[in-house]
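J.: Here it is, the structure in full.
Protein chains in written order, with our numbering: chain F, 1 to 341; chain H, 1001 to 1557.
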């Protein structure tokens, strides 16, 4: 009973948001709906101000000269200057200084947007495919062209593609990241306003590129709990991964106590020593490459006996395996830096 | 104006009339005319695609085509405009025509190579037209892998072949310009007496020769990937699709400067001619061209900020992109300062050049937004980018091309066009351009991605505005086509130097020039833009040594 009421409430809220979106069809500026958006906008508006000031300055000089020195005027034209060194240096050095200040500001903000804030975050796995976005939550829920997330909670995205390059673009969050086949790229956002926001594909990906997209629903904690409850699934990603681990025969070697193949406990996020004595951190990309291109990086002390699983695993199964291996680590962050979580 | 234009004189135009006399010519001026005709055809073709795109986007669902055709439209618009119009435009038409005239030479260093470059251009162009007739290509002009190498079902190989071939025409032109500038200058024409148009074409030629081979390599790799499946860009074979982007932009970012540098050279010539004084800061404008050519090779990564490149690489490319903006800014400031104490005549070429300064400044400044990493993340691959590069390419380069066409038309044809009509056309193009592309900045920040055959309804109003502007722009472009043609038949004789400009092409060569350019090799004893003395005319050459002041006031050099 209560459940039904909640559902109809959520439904009408949903309808209200839709109506709002339609009413505001005359927009000139995107909504500011993430923690990042006001920062990007501040930089944007500062650039607008600086550039407008300079452009107006140039325009004033231009128009003044055009009027004053038109052929029919009797203005003084004696000794037009050729080169004035200090003038040249001034208009080289001042723009350069402005550029460096803007660069430092934008570099600082870039660090902020590349590193998700520390603390509790929701991980979402994103797979781009001609012409849809597939999302998977660690708890097992799968969505296509829709993503439901709670408000004020950091959502980390691990993005890849099944075919060509796509780009996940959420204008109202000022977030964009390409989905590249064969590698994981990452991004994050924290939605600040409940609502419904566009997802676009921003990298041209073929025939139905302009149809590839959908909506992100940023929900109040109650609505989100409600949504989760409605969409419970039997199996989390890591338990699906554990089953795959058995079914694909990974367990035969990797559960041999380190005899045939390295044990995977506490692998994720930690340093791995390779056969050529180089070191690498076991992040998503490392685990993915180890499954698909096992000859690429051989762990020190083991022989290269692992067969490739390329073509046998779908992108979503790969992420399930990774999520399973991740669950074997006590510390799920380890030494991972911002690009490899 | 003088009696050298009297009937019976042999000039490069009436020196043989048959088709054969044109198709076998090695006269740089005739080759320039051949190029003028061919790139105009491609400009019209690319313009037709642009018009269809803008009509299609009037409604969110699209009014003309399905996505399959639409994708081919914007791909072919880009490919034709970039490789068959923008890159060859000013160098092959005005560079070809003017470089020997400006430095006091009888022709380019390799006249047959010059003709060969036109034939190669034509072969590449014909392949591209065949490709369009067979069904076109849908990869965009950027050919991103793995879409182009493994997924596209269109004529990728044929398109790549056309672009590959036309690249050699660029390389030939580049080699010719470099050698000509080094070895063919008339006595007294030192490097720092060269017109700035020569400097900018020289810088362009360096990029053409150094960058175009990389394009050839990357197109061959696409062909090998598509035809043989070598896997260099295929992740399932251990390849890397981002490698393609690095290689492609290593060529294509310098190519952006191939497109704009010659336009900057034109503006330097036109601004000085119509403000009737020497350019302000000659050596700074000249070295700015060289600096742009050099730094332009190290900024390609700014096309890839969201592509999955390392964060630290992003920072380096962002900083370098700010650096390359400095020499461009220096040019704009020097042009503006050149107006100071000038004697300004508002003729069509000058209005186009002032339009260039305004629109190029706008395009350059929005480039500062794109170099700012977090802003780029939001607006890259949206209409903000489309607006930005059209401000540079169409607002900048095409305006400069029109300025050049109107400035040197009397020299090339011996005829003057309808000047008031030309001023009206220039203003129409400026207005139509801004109405077309300014709304796209707003559209981009609002979030409309580029290369969309259909779009969300909230983007409609700005799209309609843009399409309305495009119709004004189209009218603006059709006007010169008409009155310039008309001038060929009915235009008044222009005379040797209708603008009272300085420079060897105006002072020592007739309109149109004789086949050998000059009756006597000029000897130069003055700086570029000697507006402090009266213009010389043919027959006066003996005067300059004894009676004229040798140097312009810009005596620093």
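Ideal Cβ positions, reconstructed from N, Cα and C, are used throughout, including at glycine.
A quick note: this is a predicted structure, and the numbers were derived from the prediction, not measured.
Between residue 19/F and chain H, is any beta-carbon pair separated by less than 9 Å?
T.: Confidence is the limiting factor: at residue 19/F the pLDDT is only 44, short of 50, which leaves the residue's position unreliable, though a coordinate-based value still follows. No - not a single Cβ of chain H is within 9 Å of the one on residue 19/F.
J.: Relative to the C-alpha of residue 92/F, which residue among 1243/H, 1253/H and 1329/H is closest?
T.: Minimum Cα distance to residue 92/F is reached at 1329/H.
J.: Who are residue 1415/H's beta bridge partners in DSSP?
T.: Note: residue 1415/H sits in a beta bridge opposite 1493/H.
J.: May I ask you to report which of helix, strand or coil DSSP gives residue 1150/H?
T.: If DSSP states are grouped into helix, strand and coil, residue 1150/H belongs with the helices.
J.: Got a sec: is the Cβ-Cβ distance from residue 69/F to anything in chain H below 9 Å?
T.: So yes, residue 69/F belongs to the interface.
J.: Can we say the segment 1423 to 1435 of chain H touches the segment 1465 to 1481 of chain H, given the rule of at least three CB pairs closer than 8 Å?
T.: Counting Cβ pairs under 8 Å, three or more are found: they touch.
J.: I need the straight-line Cα distance from residue 1218/H to residue 1225/H, nearest angstrom please.
T.: Computed Cα separation, rounded: 10 Å.
J.: Could you tell me the boundaries of the beta strand (DSSP E) in which residue 237/F lies?
T.: Unbroken run through residue 237/F is the alpha helix (DSSP H), 237 to 247; no beta strand (DSSP E).
J.: What residues in its chain sit with their C-beta under 7 Å from that of residue 323/F, if we drop five residues either side in the sequence?
T.: Closer than 7 Å at the Cβ level, and outside the excluded window around residue 323/F, lie 138, 237, 238 and 241.
J.: How long is the line joining the alpha carbons of residue 1335/H and residue 1089/H, rounded to whole angstroms?
T.: When rounded, the distance between both Cα atoms is 22 Å.
J.: Touching or not, the segment 1433 to 1446 of chain H and the segment 1402 to 1415 of chain H, by the rule of three or more beta carbon pairs under 8 Å?
T.: Result no; under three Cβ-Cβ pairs closer than 8 Å.
J.: For residue 1396/H, which residues in the same chain have their Cβ closer than 7 Å to its Cβ, ignoring the five residues on either side in sequence?
T.: Contacts found: 1260, 1263, 1356, 1359, 1360 and 1363.
J.: Looking at C-alpha atoms only, which residue of 1019/H, 1310/H and 1138/H is the closest neighbour of residue 1074/H?
T.: That would be 1138/H, whose Cα lies nearest to the Cα of residue 1074/H.
J.: Residue 1439/H by DSSP, collapsed to three states: which one?
T.: Residue 1439/H: helix per DSSP, three-state reduction.
J.: So residue 1339/H and residue 65/F are in contact, right, with Cβ under 8 Å, and what is the actual spacing, rounded?
T.: 4 Å between Cβ atoms; contact.
J.: Starting from residue 201/F, follow its DSSP beta bridges and name the residues at the other end.
T.: According to DSSP, which records beta bridges pairwise, residue 201/F is partnered with 168/F.
J.: With a Cβ-Cβ cutoff of 9 Å, do residue 192/F and residue 37/F count as a contact?
T.: In this structure, residue 37/F lies closer than 9 Å to residue 192/F by Cβ.
J.: Answer with buried or exposed for residue 1351/H, where buried requires no fewer than 16 other C-beta atoms within 10 angstroms of its C-beta.
T.: It is buried - the Cβ of residue 1351/H has at least 16 other Cβ atoms within 10 Å.
J.: Just checking: is the beta-carbon of residue 1352/H within a distance shorter than 9 Å of some beta-carbon in chain F?
T.: Judged by the 9 Å Cβ criterion, residue 1352/H is not in contact with chain F.
J.: Along the beta strand (DSSP E) that carries residue 186/F, what are the first and last residues, could you check?
T.: Segment 185 to 190, the beta strand (DSSP E) holding residue 186/F.
J.: Do you know offhand how far residue 1344/H's Cα is from residue 1265/H's?
T.: Whole-angstrom Cα-Cα distance: 19 Å.
J.: Any chance you could list the alpha helix (DSSP H) runs of at least 4 consecutive residues sitting entirely within the segment 1108 to 1174 of chain H, in chain order?
T.: Complete alpha helix (DSSP H) runs here, min 4: 1111 to 1134.
J.: Among the candidates 1269/H, 1311/H, 1253/H and 1522/H, whose CA atom is the shortest distance from the CA of residue 1400/H?
T.: Checking every option, the nearest Cα to that of residue 1400/H belongs to 1269/H.
J.: For a contact defined as C-beta to C-beta under 8 Å, what are the partners of residue 1431/H on chain C?
T.: Structure shown: chain C not included; protein chains present are F and H.
J.: When you compare the CB of residue 156/F with every CB in chain H, is at least one pair closer than 9 Å?
T.: Closer than 9 Å: no.
J.: Just to check, is the beta-carbon of residue 1311/H closer than 8 Å to a non-hydrogen atom of the ligand SAH?
T.: Because no ligand of any kind appears in the structure shown, any question about the ligand SAH cannot be addressed here.
J.: Please state whether DSSP places residue 23/F in a helix, a strand or coil.
T.: Annotation note: pLDDT 44 at residue 23/F (below 50); position unreliable, no value reported.
J.: If we ignore side chains and look at the alpha-carbon of each, how far apart do residue 306/F and residue 235/F end up?
T.: Cα-Cα distance, rounded: 28 Å.
J.: Less than 9 Å between CB atoms is the rule here; does residue 1159/H satisfy it with respect to chain F?
T.: Cβ-Cβ to chain F under 9 Å: no for residue 1159/H.
J.: Figure out for me which residue from 39/F, 202/F, 113/F and 166/F has the closest Cα to the Cα of residue 1379/H.
T.: When each option's Cα is compared against that of residue 1379/H, the closest is 202/F.
J.: Could you check what DSSP says for residue 1016/H in three-state terms: helix, strand or coil?
T.: Looking at residue 1016/H - three-state DSSP - the assignment turns out to be coil, as it is neither helix nor strand.
J.: Strictly below 7 Å CB to CB, what residues from chain H border residue 92/F?
T.: Within 7 Å Cβ-Cβ: 1326 and 1330.
J.: With DSSP as the reference, label residue 328/F as helix, strand or coil.
T.: Looking at residue 328/F - three-state DSSP - the assignment turns out to be coil, as it is neither helix nor strand.
J.: So the candidates are 1129/H, 1058/H, 1011/H and 1016/H; which of them puts its Cα closest to the Cα of residue 1461/H?
T.: When each option's Cα is compared against that of residue 1461/H, the closest is 1058/H.
J.: Going by DSSP in three states, residue 1029/H sits in which element: helix, strand or coil?
T.: Helix, per DSSP.
J.: Would you kindly work out how many angstroms separate the C-alpha atoms of residue 1182/H and residue 1123/H, rounded to a whole number?
T.: About 30 Å.
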